[in-house]
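Quick note: the sequence shown, position 300, residue 325 per the working numbering, numbers continuous.
Backbone N, C-alpha and C fix where the C-beta goes; we use that ideal spot for every residue, glycine too.
One structure is given below, encoded as structure tokens.
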Amino acid sequence: MTELTIKNFKDEYPRLVKAVEECRFISIDTEFSGLSVSDKLQTSLFDTTPERYEKLRKNCEQLIPVQLGITCFTFDSVNCSYTADIFTIFLFPRTFSLYDKRFVCQSSSLQFLCDNSFDFNKLIYEGVPYINRTQEQTLVEDLKNKTFALNPYQSSEIENVLDEQGRIVASWIFSAKDGDVQVLPQLQKYVYNPDILYTAHKHLRERFKDSLWTFEDKGQFTVKKVSKEELALLIKENDLDKNIILDILGITRLFRLLVTLKKPIVGHNLLTDLMLLIHNLENPLPTSYEKFKRLVNELFPAVYDTKCLSFSILKKHIPNSKRWQQNTLSHLYNYFKGGEGRHLAANSPLIQPRVPLEKYDQFHNAGWDSYCTGYIFIRMGHIYATNKFKQSRKYLSNELFSAVSGFKNKVNLIRASLAHIQLDGEDPPSSRPPYLVVESSRNKPLNISQIASMLSSFGFVEVKPFSFGRKAIVAVDNFNSAKSILKNFANHKEIRIKMYSTFKHSPVARTAIWGGIFLTGAILAWMTNKKLKLINV
């Protein structure tokens, strides 16, 4: 597994590009700075799909991805095996010009990352930068109009440092010969801050514009005395403005490569991953849910969610005696790697990292999680292929994708009115059970907390009051739980629980229906009266 930071990004990026270009598909995973920025934006079983998108969008506007995992799976058609190139990339939004990213951190999320050995020093000191297209345009205009400026909190300190380094260079260059180099140790700590680095290069090159060249060498800021001829050639070959744009773009360059290549993207519960990456690396998320779906489909026309595959395969193709208990990523990986799932279908392909890993249990490291996601995708795809083609043999990668084509662009929704969304078409009808209605047998206000506590033993439920607190609506995430609740409370002395009926329980629907009845009656009465008048005439 290769770890990328701002220190080695330039050196490792060509290898990352090569892996992406040569692979059959790419699996991704991200770690975030939080899950929800406000209690009002907590997700709910009552959410409609547009409501859920709106909540996630507002969260993604204030959260950032802190680590990106990319695994490129290359298929060997001779041996029907897969080789994985795994990359873990620390991400951090660097300041540039007057742009200074503000974002929200959630203490529980940071604690969770700490519990899983996340290196926060590496994140902040060495995170690879990124910007979206809107921010890039601002940077380009600042450079073009020569309005690029350091953040006010930095400018005074940096100006003093550059003045001092200028005096050191002036003293050195007086006696230096063409070709001599000098390291400036005081600037070393700024080598991985693109905006400060740009300012240092520009300041020194302009001050000594006839005989000095500046560059970085192995993490050190270095100056070189050069002839006018060599200087002209270096300036022609090295555009400082273009270089800072590339530096600030950082991992955005990889994102744009993925968009260009249009290779299949695989994730596990990847809706938030996609939204965060698009918002931070492409453009701010659209306010319209339908526009968002179209945007994702334009960027990545082939998306697969292993969470969706796992729900379906469990129902259709896994024997009762070998079923898993959870479909979390870690549980599924262990199930298919060495548990009951390893030999569910014969001739399942060999899958191995290109570079052997020291440890195989680094869950919640984005690189490792992306590998596990691709791993279970191949294992489940092979089971689907075996059931589709009715043959016990090795399958080509194209056959595997053919077998799972029904899951293309289906993305899982966690506890919502829909089980999944369809990125390239209309969303499916709800597969969740209808709401339940709770009311007091004695016509008294309900204690909502008490109701929620009573029903929670039957599974995940959410309860909210309506009808002035005398009734409550209950959302349940599966039919078995709903049936159990109805059965167990059929003869309860204190409360009655029934299936929700729009006509019976929705005040809006009842008003509309009765209003329609009265309106229809009034029209009929008017028409009858008019006919009688005509007859009398």
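Item: How is the alpha helix (DSSP H) around residue 187 delimited, first residue to last?; Value: 177 to 200
Item: Hey, which unbroken runs of the beta strand (DSSP E) at 3 residues or more fall wholly within the segment 404 to 447?; Value: 435 to 437 and 445 to 447
Item: So the alpha helix (DSSP H) residue 257 belongs to, where does it begin and stop?; Value: 253 to 262
Item: Flag this pair as yes or no: are the beta carbons of residue 332 and residue 437 separated by less than 8 Å?; Value: yes
Item: Are residue 288 and residue 48 closer than 8 Å when you measure CB to CB?; Value: yes
Item: Assuming contact is defined by CB atoms lying nearer than 8 Å, are residue 303 and residue 153 in contact in what I supplied?; Value: no
Item: Pull up the CB-CB distance for residue 282 and residue 228, whole angstroms please, since I reckon it's below 8 Å.; Value: Not quite, the Cβ-Cβ distance comes to about 33 Å (not below 8 Å), so this is no contact.
Item: When you compare only the Cα positions, how much space is there between residue 91 and residue 134?; Value: 11 Å
Item: Under 8 Å between the Cβ atoms of residue 178 and residue 403?; Value: no
Item: By Cβ distance below 6 Å, which residues in the same chain neighbour residue 138 in space, the five residues on each side in sequence not counted?; Value: none
Item: Which runs of the alpha helix (DSSP H), 4 residues or longer, sit entirely within the segment 103 to 188?; Value: 132 to 140, 145 to 151 and 158 to 169
Item: Buried or exposed for residue 306, going by 16 or more other Cβ atoms inside 10 Å?; Value: buried
Item: If I'm right that residue 129 touches residue 93 with Cβ under 8 Å, what's the distance once you round it to whole angstroms?; Value: Not a contact, Cβ separation roughly 19 Å.
Item: On the three-pair Cβ rule with 8 Å, is the segment 460 to 475 touching the segment 489 to 501?; Value: yes
Item: Rounded to a whole number of angstroms, what is the C-alpha to C-alpha distance between residue 77 and residue 450?; Value: 18 Å
Item: Any C-beta of chain B sitting closer than 8 Å to the C-beta of residue 212?; Value: Here chain B cannot be found, since the structure has a single protein chain.
Item: Can you look up residue 535 in the DSSP assignment and give me helix, strand or coil?; Value: Summary for residue 535: the model assigns pLDDT 48, below 50, so the residue's position carries little reliability; its value from the coordinates is reported in the next sentence. It is helical.
Item: Enumerate in chain order the residues of its own chain whose CB-to-CB distance from residue 235 is below 8 Å, with the five nearest sequence positions on each side excluded.; Value: 253 and 256
Item: If you drop the 5 nearest sequence neighbours on each side, which residues of the same chain put their C-beta closer than 8 Å to that of residue 101?; Value: 107 and 108
Item: Should residue 103 go down as buried or exposed, given a rule of 16 or more other Cβ atoms within 10 Å for buried?; Value: exposed
Item: Cβ of residue 117 within 8 Å of Cβ of residue 149?; Value: yes
Item: Work out the CA separation of residue 74 and residue 45 for me, nearest whole Å.; Value: 33 Å
Item: Only counting runs of 4 or more residues, tell me where the alpha helix (DSSP H) segments fall wholly within the segment 344 to 370, in order along the chain.; Value: 354 to 362
Item: Measure the alpha-carbon distance for residue 478 versus residue 69 and round it to whole angstroms.; Value: 17 Å
Item: What whole-angstrom Cβ distance do residue 105 and residue 421 have, given they're in contact under 8 Å?; Value: 7 Å
Item: Taking three-plus beta-carbon pairs below 8 Å as touching, is the segment 236 to 247 in contact with the segment 214 to 227?; Value: yes
Item: Going straight from the alpha carbon of residue 321 to that of residue 39, what length do you get?; Value: 26 Å
Item: Ignoring anything shorter than 4 residues or poking outside the segment 227 to 306, list the alpha helix (DSSP H) runs there in chain order.; Value: 253 to 262, 265 to 274, 277 to 286 and 296 to 306
Item: On the DSSP letters alone, give me the boundaries of the alpha helix (DSSP H) that residue 45 sits inside.; Value: 34 to 47
Item: What is the C-beta distance between residue 408 and residue 370, in whole angstroms, given that I count them as a contact (C-beta under 8 Å)?; Value: 5 Å
Item: If you compare alpha carbons, which of 260, 143 and 274 is closest to residue 161?; Value: 274
Item: If we count the other Cβ atoms within 10 Å of its Cβ and call it buried at 16 or more, is residue 285 buried or exposed?; Value: exposed
Item: Who are the Cβ neighbours of residue 533 in its own chain at under 6 Å, not counting the five residues just before and after it?; Value: Its pLDDT being 47, under 50, residue 533 is placed unreliably by the model, and the measurement read from it follows with that caveat. Cβ neighbours of residue 533 beyond the five flanking positions: none.
Item: For residue 447, which residues from the same chain have a beta carbon less than 7 Å from its beta carbon, with the 5 sequence-adjacent residues on both sides left out?; Value: 434, 435 and 453
Item: Could you check whether residue 99 and residue 392 sit closer than 8 Å to each other, using their CB atoms as the reference points?; Value: no
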